[in-house]
Amino acid sequence: MPPSHPRPEDAAALVDALTATGDHCAAEGEALIDHLVTVGDHATQAALETTIDAAVDVLRELSATCRELSLALSADAAPARRTSRASARVQDPR
Numbered sequence: 001m002p003p004s005h006p007r008p009e010d011a012a013a014l015v016d017a018l019t020a021t022g023d024h025c026a027a028e029g030e031a032l033i034d035h036l037v038t039v040g041d042h043a044t045q046a047a048l049e050t051t052i053d054a055a056v057d058v059l060r061e062l063s064a065t066c067r068e069l070s071l072a073l074s075a076d077a078a079p080a081r082r083t084s085r086a087s088a089r090v091q092d093p094r
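Residue numbers are given in UniProt numbering: position 53 of the sequence shown equals residue 53, and the series is strictly consecutive.
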């Protein structure tokens, strides 16, 4: 059963994972375009380009969504981090 209140370190780990996933999706989309081959048959080439364009579009959407989610989560996690730091100072006022 998941905790009822997410821990700030869990949110930070999720932000890091989403950021890495977004970066990886963007890089792989570009790599897919870079490795596009030319085939002799026009119909086959058109089908190949259509398939690769669709895959690149999906990777770009995944990348954008991961980045949006990581920004939203990092904005939501920031107040929780400040609150946990403030409560730590109250308990140990060095």
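For every residue, glycine included, the Cβ atom is placed at its ideal position computed from N, Cα and C.
Please read these numbers as outputs of a predicted model, since none were measured by experiment.
Give me the Cα-Cα distance between residue i and residue j, rounded to the nearest whole angstrom.
i	j	result
residue 41	residue 29	24 Å
residue 11	residue 58	25 Å
residue 33	residue 68	24 Å
residue 6	residue 52	39 Å
residue 64	residue 23	9 Å
residue 61	residue 50	17 Å
Whose C-beta lies closer than 7 Å to the C-beta of residue i among residues of the same chain, with five residues either side of it excluded?
i	result
residue 21	66
residue 56	29, 32, 33
residue 14	73
Reducing DSSP to helix, strand and coil, say where residue i ends up.
i	result
residue 24	helix
residue 70	helix
residue 48	helix
Looking only at its chain, what residues have a beta carbon closer than 8 Å to the beta carbon of residue i, apart from the 5 residues adjacent to it on each side?
i	result
residue 48	36, 37, 39
Who are the Cβ neighbours of residue i in its own chain at under 6 Å, not counting the five residues just before and after it?
i	result
residue 45	39
residue 25	59, 62, 63
Contact between the stretch 8-21 and the stretch 59-76: three or more CB pairs below 8 Å?
-> Contact holds: three or more Cβ-Cβ distances are below 8 Å.
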